[in-house]
Amino acid sequence: MAFVKDMLRMWAHSWKRFISIAMITLLGVAVLTGIYAGCRDAFRSTDRFFDAQGLHDVQVLSTAGLSNGDIAALRKVNGVAKVQAERSQEVTFDLDGRKSATMQEIGTNGIDQPYLQEGRMPKKAGEIAVTRKFIRDSGKRIGSRLTVTPESASSDTSDTNDTNGADGTNETNGTDEAPSFPTKLTIVGVVLDPQNLSNPDGYSAMTSFRSTATTDYTFFAPSDGVTGTLYTSATLLVKGAAAESTFDESYENTVKQVTDRIDGTVKTDRQKARRQELLDAGNKKIADARAEADKKFADAQSQIDANRQQFNQQVDQIVSMQAGAAAAGAAANGANAGAAAAAGATTPQLDETTRETMRETIIAASPELTQAKQQLDQAQSQLNEQKASTEQTLKTKENELKTSIPQVRWYVQDRQSLGGFSALKSDLDSIQSLGNAFPIVFLLVAVMMSLTAMARMVEEDRSLIGTYVGLGYGRLAVASRYLLFALLACLIGGGLGLIAGFLGIPAFLLVVLQGMYVMPGLRLEYDWLYGSLGIALFVVGVLAATIYACVQEMRQTPAALLRPKAPRAGSRILLERIRPVWNRMGFLGKVTARNIFRFKSRLIMTVGGVAGCTALIVCGLAINDTVADLGIKQYRDIYQYDLMVVSDDSDASAMRTKVASDGRVTSSLDVRIESGDLTVAGSGDGDSGKTGSSGSESIQLVAVPEKHLSDLGEMVTLQPVSSGILGTSGVGKTGSLKLDDDGVIVAQSAASALGVKAGSKVRLTNGDGVQATAKVSAVNRNLIGSDVYVSETYYAKLFDSKDAKSTKNSKSSEDSEALTWNAMLAKLSGSDASQTDYAESLEEDSSVMKAVSCAHMADSFKFDLMGAVVALIVALAGGLALVVLFTLANTNVSERVREMATLKVLGFFDREVHHYVNREMMILTVMGVILGLPLGRLVGGMLTMALNMPSLYFEVEVKPLSYVIAAVATMAFALLVQLFVNPVLDRIDPISSLKSVE
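Sequential numbering from -5 applies to the sequence shown in this note's numbering.
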């Protein structure tokens, strides 16, 4: 019992060390669990939301729409749980200019169901539910009415309609019709689209440009009032996918098995079948047109023949009359009366030649008959010409049918293709990677401080330990006094750290996340396993340090322990050998130097602890500086052009005419921009094209005209880069990189994510879905987006090969070898504000699909989530620095109580004693800061390399101000600690402190 009481008394006396160990453990556990818990809570809530709303696992799109046969084929795929055929239509309306929206039918099979936020779901024809973004932008509310106008080409399914039939109808085939929605609409509800969780009322998240066309809003309508048997897409749920977390690799593997099956045989077979349906429909229309034309021509011929027969009968009557009259006159002039009577009784018989001669004579003598014959001949001639022309037209249609109907393409996509999903996943993954790295530094600092504190604690009880051992207590029993002390401090600090880690930090992160995304049903959850392991990790580290300190003392005999520890032998320090410096130092300066450098363990611990804390602060600020400069570096330095304008292929000429007529462009470069994929050759089948997968990256493929390859360097800064270490990269000379016909230039952001370098082989997928293996000629410095530059000649070499030609959309004869330059890079005159306004005005033009101002992108690029996390990390690092300095300062004082008492006996005033002690701490702090600043840059480089996000490359940047902030903050913490240490120095009693320990 006396042993236990003494142990408790010792614990109470060492309450400062207890608090120090508990606080360090609290901060470490909070960092270890907090960021993880916040990301996990966000992952779980969104996964539950996706499952509740039935967010599709797979989506199938087709360039020719999907028929009932396609839907039936998808239902037969092994592993498919549900298939929902969806109809949609693009419409326009007036809202401070021309705006576009997608009318989306609400599925009846439970897939992609919108989440009701206000009002009710639409049920009748003409009722719609809109997103909160539309409500905010339009100022409308529930009950408001809206009139929309269908787009002339409302979906990709009508792209080939004008070539499918001979009569120019808009039907895709004989039975399928494109979807059509009501145009008089009434808003009855406000919903959240599960495919896009972006918060329209929060602060903006990262923005990036993709060249694919997207509408401004989405309107959800019921099936009532929707017509058309052709589907724009099919959404699928995969068996077993709902049981997996949508953000885990196991989910991706489950879905990939189904997409591989679809890509295997179903996709190929249905593409061929669908195209054959279009061919059959076209042939049927041509056959129907021929039959209808033949019937009309036959009717016209019958009418002409009837008129000609009537005309011939009339002429024949005249011929007969004239022949009879001639015969009667001849008989009267010389024949007998019997002959005359006989001639008058019968018509004379004429041979065919005579009769035809008489017909021509009669017709020529009569203007009326001449006109009638001409009309009959003209009608017959016109009919013959019409028959010949129609037959020629139909034969031409038959010959052109196969070339006019393009190859049907299926696009099989998973959730990674959803911009909102991939943005949320990449944001959370990047933050989680930081949460996995920072606790390592906290753990190392905790072990160092625990070793310092417990070693001093054991050393203070040296004689007591010898007494207990001499009385027969086992060394394990004596060591348990200190092990239980450290264990209790860790458990209390760890418990408080779990509260902060699973409640405080996640609550902060989720507030920031909810400013960027809408996540219904979000709640905080505790992970028993992870929390227990978090505490156990720090318990093991601190106990290991305590065991080491105990072993160092208890390996001596009790007699040695009962005697005071021999003072350290005197020795010279290196500074003493530098006579010019040493001789000019004062007495107290020499004493301070000896105290600092003779006690190397204290030097290492103090400098190491301060350096670690300073490095954490620098690291956090480095990440903040790196993210803050991304937009400026990309859109001001790398992109030299001011404006990018993209149009549909059919509007490319009109777009260039529009831009040229405005007179704002000082120089420009026509290019072709397509959205595609880049896959590391050999990483898979090359057909996945899924954003964020280990071997694939979504890219923006930029083809440059052969005659203007040299002009690319004027629009984009071309600098070759090579991968460096610790977040650095070797950047070549500006302008030393040229685009040629031997390979493609890949953006650094994509190359870094996939491990691609100059000379690598990659598989490119262009906008038509055609794949080709390309050589990487160089990697270009690029931070935002994943641009791949290719020359016109090399593009044709890649995608006009034999394999590509068999699947590539056909073009007209004169354009079959040339690319359509659907985009323009341009430099503009005027200020940044005027350039931004001009880009916005261009987007209102019907010929422009997308207009992007680099000035606007540079100013608006934000990464708010990363900034919030960096602020949290810097705050925690500052707290750790404060605890570390407090622990070291108190340990320093406790080790030198007799020295301080001696100084007081010698007549030192309290202020002089303060200065004597604090000067050493300040010098050690400065040394730690000097070491921590470059160490922070080093760690920052390593962490930014871990932030492997789609379409982003973090080029480490640490501004001088950040170094100043880190140094000043650490020194401020050191000064703050002095306020706590000075009262301790004042309370030292010289008499009791100088008593002999014997």
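Backbone N, C-alpha and C define an ideal beta-carbon position, used for all residues, glycine too.
Just verifying my parser: in three-state terms, what is the DSSP assignment at residue i?
{"i": "Arg666", "result": "strand"}
{"i": "Ser411", "result": "helix"}
{"i": "Thr660", "result": "strand"}
{"i": "Arg456", "result": "helix"}
{"i": "Asp423", "result": "helix"}
{"i": "Gln374", "result": "helix"}
{"i": "Gln107", "result": "coil"}
{"i": "Asp310", "result": "helix"}
{"i": "Ser986", "result": "helix"}
{"i": "Gly59", "result": "strand"}
{"i": "Glu992", "result": "With a pLDDT of only 49 at Glu992, under 50, the local geometry of the prediction cannot be trusted, and no value is derived from it."}
{"i": "Lys389", "result": "helix"}
{"i": "Leu273", "result": "helix"}
{"i": "Ser704", "result": "helix"}
{"i": "Tyr462", "result": "helix"}
{"i": "Met709", "result": "helix"}
{"i": "Thr96", "result": "strand"}
{"i": "Arg42", "result": "helix"}
{"i": "Lys10", "result": "helix"}
{"i": "Thr223", "result": "coil"}
{"i": "Trp5", "result": "helix"}
Could you check where the beta strand (DSSP E) with residue i kicks off and where it finishes?
{"i": "Met115", "result": "Per DSSP, Met115 belongs to no beta strand (DSSP E) and is neither H nor E."}
{"i": "Asn774", "result": "765 to 774"}
{"i": "Thr180", "result": "178 to 186"}
{"i": "Phe241", "result": "Run containing Phe241: none; DSSP gives neither H nor E here."}
{"i": "Asp88", "result": "82 to 88"}
{"i": "Ala820", "result": "817 to 822"}
Count the other CB atoms, across all protein chains shown, that sit within 10 Å of the CB of residue i; report buried if there are 16 or more and exposed otherwise.
{"i": "Asn430", "result": "exposed"}
{"i": "Gln307", "result": "exposed"}
{"i": "Phe855", "result": "buried"}
{"i": "Pro433", "result": "buried"}
{"i": "Asp242", "result": "exposed"}
{"i": "Gly749", "result": "exposed"}
{"i": "Ile667", "result": "buried"}
{"i": "His50", "result": "buried"}
{"i": "Arg596", "result": "buried"}
{"i": "Ser244", "result": "exposed"}
{"i": "Trp815", "result": "buried"}
{"i": "Asn577", "result": "exposed"}
{"i": "Ile18", "result": "buried"}
{"i": "Asp35", "result": "buried"}
{"i": "Lys989", "result": "exposed"}
{"i": "Asn72", "result": "exposed"}
{"i": "Pro116", "result": "buried"}
Along the alpha helix (DSSP H) that carries residue i, what are the first and last residues, could you check?
{"i": "Phe974", "result": "954 to 980"}
{"i": "Arg353", "result": "346 to 359"}
{"i": "Ala596", "result": "Here the sequence assigns Arg to residue 596, which means Ala is not the residue at that position. Element bounds for Arg596: 594 to 622."}
{"i": "Tyr832", "result": "826 to 837"}
{"i": "Phe175", "result": "No alpha helix (DSSP H) contains Phe175, which DSSP labels as neither H nor E."}
{"i": "Tyr788", "result": "786 to 793"}
{"i": "Ile399", "result": "Segment: none, Ile399 is in no alpha helix (DSSP H) and carries neither H nor E."}
{"i": "Val472", "result": "469 to 493"}
Per the DSSP calculation, residue i is bridged to which residue(s)?
{"i": "Ile778", "result": "Leu946"}
{"i": "Val232", "result": "Val74"}
{"i": "Ile122", "result": "Ile181"}
{"i": "Arg757", "result": "Thr673, Thr767"}
{"i": "Lys844", "result": "Val640"}
{"i": "Pro714", "result": "Asn774"}
{"i": "Met315", "result": "Per DSSP, none; premise fails for Met315."}
{"i": "Pro144", "result": "Val85"}
{"i": "Thr212", "result": "Thr96"}
Cβ of residue i versus every heavy atom of the ligand MN: is any distance shorter than 7 Å?
{"i": "Leu870", "result": "No copy of the ligand MN appears in this structure; indeed no ligand is present at all."}
- request: Could you name each continuous alpha helix (DSSP H) segment of 4 residues or more that falls completely within the segment 502 to 589, going from the start of the chain to the end?
  value: Every alpha helix (DSSP H) of 4 residues or more that sits fully in the segment 502 to 589 is shown, in chain order, as 522 to 548, 552 to 556, 573 to 576.
field: Completely contained alpha helix (DSSP H) runs for the segment 851 to 911, where each covers 4 or more residues
entry: The segment 851 to 911 contains these whole alpha helix (DSSP H) runs: 858 to 889, 891 to 899.
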